[in-house]
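Quick note, the sequence shown lines up with residues 2 to 508 if you use my numbering. Where is the CB? At the ideal position from N, CA and C, for every residue including glycine. Fair warning: this is a prediction, and the values are worked out from it, not measured in the lab.
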Amino acid sequence: MTLHLAENKRNPDYPFAFLATFANGLTPQGRVKHEPLGQALREYAGAKNREAMLTLLLPVSKAAKSSDLIRRLVDSGEIYHPLAWTPRDAYDFLRAVPGFESSGLVVRMPDWWNARTPPRPRVSVKINSKNTAGVTADSLLNFSVGVSLDGEPLSPKEIAELLEASGGLVPLKGKWVEVDREKLNEALTHWKSVERDVRRDGISFFDGMRLLSGANLGRKDEDDSAAAVREWSGLTAGPELDSILTRLRSPETRHEATPPGLTATLRPYQQTGYSWLRFVTRLGLGACLADDMGLGKTVQVIALLLDLKRDKQNSASLLVVPASLIANWKSELAKFAPSLSFTVAHPSEGTAGDVGAVAAKEVDLVVTTYGMLVRTDWIKSHRWRVAILDEAQAVKNSGTKQTLAVKELTAGSRIAMTGTPVENRLSDLWSLFDFLNPGLLGTAKEFGTFVKRLESASVPSFEPLRSLVRPYILRRLKTDKRVIADLPDKTEVRAYCTLSKHQAALY
Numbered sequence: 002m003t004l005h006l007a008e009n010k011r012n013p014d015y016p017f018a019f020l021a022t023f024a025n026g027l028t029p030q031g032r033v034k035h036e037p038l039g040q041a042l043r044e045y046a047g048a049k050n051r052e053a054m055l056t057l058l059l060p061v062s063k064a065a066k067s068s069d070l071i072r073r074l075v076d077s078g079e080i081y082h083p084l085a086w087t088p089r090d091a092y093d094f095l096r097a098v099p100g101f102e103s104s105g106l107v108v109r110m111p112d113w114w115n116a117r118t119p120p121r122p123r124v125s126v127k128i129n130s131k132n133t134a135g136v137t138a139d140s141l142l143n144f145s146v147g148v149s150l151d152g153e154p155l156s157p158k159e160i161a162e163l164l165e166a167s168g169g170l171v172p173l174k175g176k177w178v179e180v181d182r183e184k185l186n187e188a189l190t191h192w193k194s195v196e197r198d199v200r201r202d203g204i205s206f207f208d209g210m211r212l213l214s215g216a217n218l219g220r221k222d223e224d225d226s227a228a229a230v231r232e233w234s235g236l237t238a239g240p241e242l243d244s245i246l247t248r249l250r251s252p253e254t255r256h257e258a259t260p261p262g263l264t265a266t267l268r269p270y271q272q273t274g275y276s277w278l279r280f281v282t283r284l285g286l287g288a289c290l291a292d293d294m295g296l297g298k299t300v301q302v303i304a305l306l307l308d309l310k311r312d313k314q315n316s317a318s319l320l321v322v323p324a325s326l327i328a329n330w331k332s333e334l335a336k337f338a339p340s341l342s343f344t345v346a347h348p349s350e351g352t353a354g355d356v357g358a359v360a361a362k363e364v365d366l367v368v369t370t371y372g373m374l375v376r377t378d379w380i381k382s383h384r385w386r387v388a389i390l391d392e393a394q395a396v397k398n399s400g401t402k403q404t405l406a407v408k409e410l411t412a413g414s415r416i417a418m419t420g421t422p423v424e425n426r427l428s429d430l431w432s433l434f435d436f437l438n439p440g441l442l443g444t445a446k447e448f449g450t451f452v453k454r455l456e457s458a459s460v461p462s463f464e465p466l467r468s469l470v471r472p473y474i475l476r477r478l479k480t481d482k483r484v485i486a487d488l489p490d491k492t493e494v495r496a497y498c499t500l501s502k503h504q505a506a507l508y
């Protein structure tokens, strides 16, 4: 049995038509022949085939238990006849389609209707750069509010007509759209209020990023009002901001030339990593280079340091490493960037005190350790061009002395190198980003509440969090053949060690 809903453009008062049909054999062309349900009533009643009629009406009877609309059509007998419907009738029908289909009914409806994402006007919130000069972490963004349909802005007159409509299905720009005027007005009122609050000074870059990702860290619990605002709103980035976000999220879209002085040939993915780091640091944002171990995070960062040397800002960068990696970094710097001047601020090099502070004004890079940060004030008070953490999982515990010391650093931008940005808990991610982009993930308490809300949702999803942090994390895996296509597949050889009887007994 099939329920049909179609447009009836010849009658403006009843612009929809309803008909229930049943399959009654095949046409000469081999297609299923649909006939009005009233014909089945006449055929089966005449043949006194009560069993066939009951079988045919079983899905209708099932649907009537959960649908007032179907129950009314059955009780009145209207289901056996073609009907002319108002937009409200058609809307009630369309909203109930999933229930009809679960009852075993086939539904045919206009192709413009989608039950999951029905066509509807939305409050369009656009966040964009205030000027065409670019965006940095300290930029204030524009915030504008309107109402649009499929991305096309509506005029004030059209908006007023929507808010005055009775709701349901409303004709707009030659289309039928779903309108809940109370929810639409609630969303519009909310965003207009936000717009007034930020009109004078604009909105901060991180606040804008949280809005665009749907990660509202300041909210504790979502009530019906907040749900309506989210359902009837659409947030987008303006052209300038969207261009920035596209380059952050898709680093492969642009490659910078390898800086002079690098005595190495970068693989394509390493060239991508260097270009991405260069772009992020020049925006003044924090970047997490989270490539797998062995993919060359070190050489990508060295390429960035050589690029910064060309700026001639007479400002050194800082590299913080575990003490065990000092020798490795000295070797890599000498091998890949012999023109890059550096000093090591560590007792093993005799430059742990004020001598290191003087040297920092004469070199391109200062290398120190996490332990030295805790004990050396001048490193924390000096302003660095870029502050870089190697093995950055060392700051995953936000309460340790070395983590607190790291977060006291002052720098134009920050980089974390780690193959494990999250090891055991999402709080690891918060601590890392509290260094990279302080404030982006809110306070530790706000972040914890936000994560619990995502976990306890009816359909748990971490997409808002993933969308928020994705622009600042670049991760490539060795298992991805697009990264290292010239490596052979891993070869596994099994070696069996047979235990003696005595060993087996002990085992």
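Name the one or two DSSP bridge partners that residue i has.
i	result
S234	V124
N1	Outside the displayed span of the chain (2 to 508) sits residue 1, for which this structure offers no information.
L84	F19
H35	A24
V107	T3
K176	L173
M418	L290, D391
P154	S149
T370	V322
S205	L141
E8	F17
Nearest CA to the CA of residue i: which residue from the options?
i	options	result
E409	Y371, K502, K446	Y371
I327	K362, N12, E392	E392
T404	L437, L427, G413, W379	L437
G287	P37, A417, D208	A417
T247	L478, T480, R471	R471
D198	S145, K158, E162, D243	S145
M210	A486, L466, R483	L466
A361	E350, P29, P240, W379	W379
S399	D435, T411, K174	D435
V1	Y275, V75, E44, I245	The requested residue 1 is not part of the displayed model; the chain covers only 2 to 508.
R311	S332, M294, L296, G262	G262
K63	G78, L95, G100	G100
By a C-beta neighbour count over all protein chains shown, 10 Å radius and 16 as the cutoff for buried, is residue i buried or exposed?
i	result
C498	exposed
N315	exposed
T377	buried
A335	exposed
T273	buried
V460	exposed
A346	buried
G152	exposed
L212	buried
E187	buried
W330	buried
M373	buried
A496	exposed
D76	exposed
D429	buried
P252	buried
T56	exposed
DSSP three-state call for residue i: helix, strand or coil?
i	result
D308	helix
T404	helix
R51	helix
A97	coil
L475	strand
D365	coil
G239	coil
R89	helix
L249	helix
H277	Reading off the sequence, residue 277 comes out as Trp, not His. In this structure, W277 counts as helix in the three-state DSSP scheme.
P461	coil
T190	helix
V375	helix
W385	strand
V452	helix
T259	coil
Are the beta-carbon atoms of residue i and residue j separated by less than 8 Å?
i	j	result
P422	A258	no
L164	L150	no
C289	Y508	no
F343	V321	no
W366	K397	The displayed chain sequence assigns Leu, not Trp, to residue 366. Contact flag unset, no.
S414	T254	no
R386	S462	no
A85	N12	yes
M110	V61	no
L242	V136	yes
Q271	G297	yes
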